[in-house]
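Notes follow the structure.
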Amino acid sequence: MDAIVSVTRDWGIGRDGGLLVRNKADMRRFKELTMGGSVIMGRKTFESLPGGPLTGRNNIVLTRARDLASSEDIEVARSIDEALALADAYGERAWLIGGASLYRQFIDRCSMAYVTFHDIVLDADTYFPDLDGDDAWSCIGITETDFTERGIPFHFALYEHL
Ligand SMILES: NC(=O)c1ccc[n+]([C@@H]2O[C@H](COP(=O)([O-])OP(=O)(O)OC[C@H]3O[C@@H](n4cnc5c(N)ncnc54)[C@H](OP(=O)(O)O)[C@@H]3O)[C@@H](O)[C@H]2O)c1
């Protein structure tokens, strides 16, 4: 399983249940990378998806609640092992797509982390673990700086779990 995330300078990822930064290039890249695979997400991230389940991907939603049932559009898992078994059965690449609680609990089970780094600090209430401060992770590639529609500098960084 690989993680994919969009962060600000202090590893902020969200506020009030939504994303911090709008970035069309990042959205496009997220879609390209995850298309055809399984996307594993927490129940709150699932509920924050503006268009419902992500099309073209096997949506696996982690919840401890009893009232969320599997349907044609999503599979429900009660633990990460159950989620990974569902992804395994699906047979394609598995992605951990958030939110904060899932990243925090399961980043150690990821091989790579695809990080979109925005060079700005915004008021966040949810964070991704600081991979630069973690000896178990190494940044192995960074693209050139680009800018969002609103002029925020960003780049794509790839981290490897050592
Ligand atoms: N910047 C990014 O790339 C990015 C990506 C994704 C999300 N986000 C942001 O992150 C925020 C949401 O993160 P969050 O931490 O509040 O919520 P979350 O991780 O999306 O969802 C939390 C929920 O997942 C379920 N859950 C968590 N751990 C579980 C486990 N071990 N076993 C079974 N179920 C488990 C629980 O659901 P139940 O309560 O139903 O039991 C829990 O309440 C939002 O602001 C969102 O926009 C940002």
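In this text, residue positions in the sequence shown follow the working numbering: the first is 2, and each later residue adds one.
Idealized CB from N, CA, C, for every residue including glycine.
Because the structure is a prediction, the values reported are computed rather than measured.
For residue j and residue i, the rounded distance between their alpha carbons
i	j	result
residue 15	residue 128	7 Å
residue 50	residue 44	10 Å
residue 21	residue 86	31 Å
residue 120	residue 103	24 Å
residue 34	residue 112	15 Å
residue 100	residue 145	26 Å
residue 122	residue 109	25 Å
residue 25	residue 83	32 Å
residue 29	residue 13	21 Å
residue 46	residue 142	27 Å
residue 130	residue 105	6 Å
residue 31	residue 5	8 Å
residue 11	residue 159	17 Å
residue 71	residue 134	38 Å
Cut-off 6 Å between Cβ atoms - residues of its own chain near residue i, not counting five sequence neighbours on either side
i	result
residue 91	39 and 59
residue 7	27 and 117
residue 94	38
residue 54	60, 74 and 75
Paired residues, beta bridge with residue i - DSSP
i	result
residue 3	96
residue 116	6 and 158
residue 16	19
residue 76	61
Close Cβ partners of residue i (< 7 Å) along its chain, the five nearest in sequence each way excluded
i	result
residue 19	49
Contacts around residue i, its chain only, beta-carbon distance under 8 Å, and the 5 residues preceding and following it disregarded
i	result
residue 148	154 and 155
residue 150	23, 24 and 25
Minimum Cβ-Cβ distance from residue i to chain C less than 8 Å
i	result
residue 56	Looking for chain C here will not work: only one protein chain is present.
Would you list, in sequence order, the uninterrupted beta strand (DSSP E) runs of no fewer than 3 residues that lie entirely inside the region 127 to 153?
As far as the region 127 to 153 is concerned, its whole beta strand (DSSP E) runs of at least 3 residues are 138 to 143.
Extract the residue ranges of the alpha helix (DSSP H) inside the region 36 to 69, only unbroken runs of 4 or more that lie entirely within it.
For the region 36 to 69, whole alpha helix (DSSP H) runs of length 4 or above, ordered along the chain, are 44 to 49.
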